[in-house]
Amino acid sequence: MPRLDRFFSVFRKKDSEHVEARGLSSDYLEDNLPSSLMERVRTHLEKCGPCTAFVNGLSATIRMLSDMGPKEPPPHLKSHIYQRVQEEKKKHS
Ligand SMILES: [Zn+2]
């Protein structure tokens with residue numbers, strides 16, 4: 791079924807655009823990308839609602855983390871959360 795094949799190859803190509811835009815989004819928000827990539831992410835976001843929503847969510851998360859006072863590096867935060875989860879588990883077992 792060549793037609794279906796083409797449909798899927800188009801879909802995959804489009805899909806990887808989203809993956810790329812989302813993968814670059816944290817650097818995009820921090821203005822950490824070469825201008826050609828900034829431009830690529832920006833043009834993608836202009837035409838893609840779901841990725842814009844994703845980037846907005848990420849940006850809100852970054853703002854929230856940086857509002858939490860002294861900057862904690864994410865790995866530390868993660869292990870802190872992990873520890874809390876383990877404590878909760880112990881409590882409930
Ligand atoms: Zn997208």
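Each step along the sequence shown adds one to the number in the numbering used here, with nothing skipped, and position 17 is 807.
Note that beta-carbon positions come from the ideal geometry of N, C-alpha and C, so glycine has one too.
For clarity, every value in this text was computed on a predicted model and none was experimentally measured.
Cβ-Cβ separation, Val845 to Ser825 (assumed contact under 8 Å), whole Å:
The pair is not a contact, with the Cβ atoms about 18 Å apart (cut-off 8 Å).
On the three-state DSSP scale, how would you describe Pro840?
If DSSP states are grouped into helix, strand and coil, Pro840 belongs with the helices.
Tell me whether Ala811, by its Cβ, gets closer than 6 Å to a heavy atom of ligand 1.
yes
How about His834 and Ala811: are their beta carbons less than 7 Å apart?
yes
For a test of your reading of the model: does the CB of His870 fall under 6 Å from any non-hydrogen atom of ligand 1? Yes or no.
no
Chain-order list of residues whose beta-carbon lies under 6 Å from that of Leu819 (same chain, five-residue window excluded)
Ser849
Cβ neighbours of Met828 in the same chain (closer than 7 Å, five flanking residues each side left out):
Tyr818.
Just to check, is the beta-carbon of His882 closer than 6 Å to a non-hydrogen atom of ligand 1?
no
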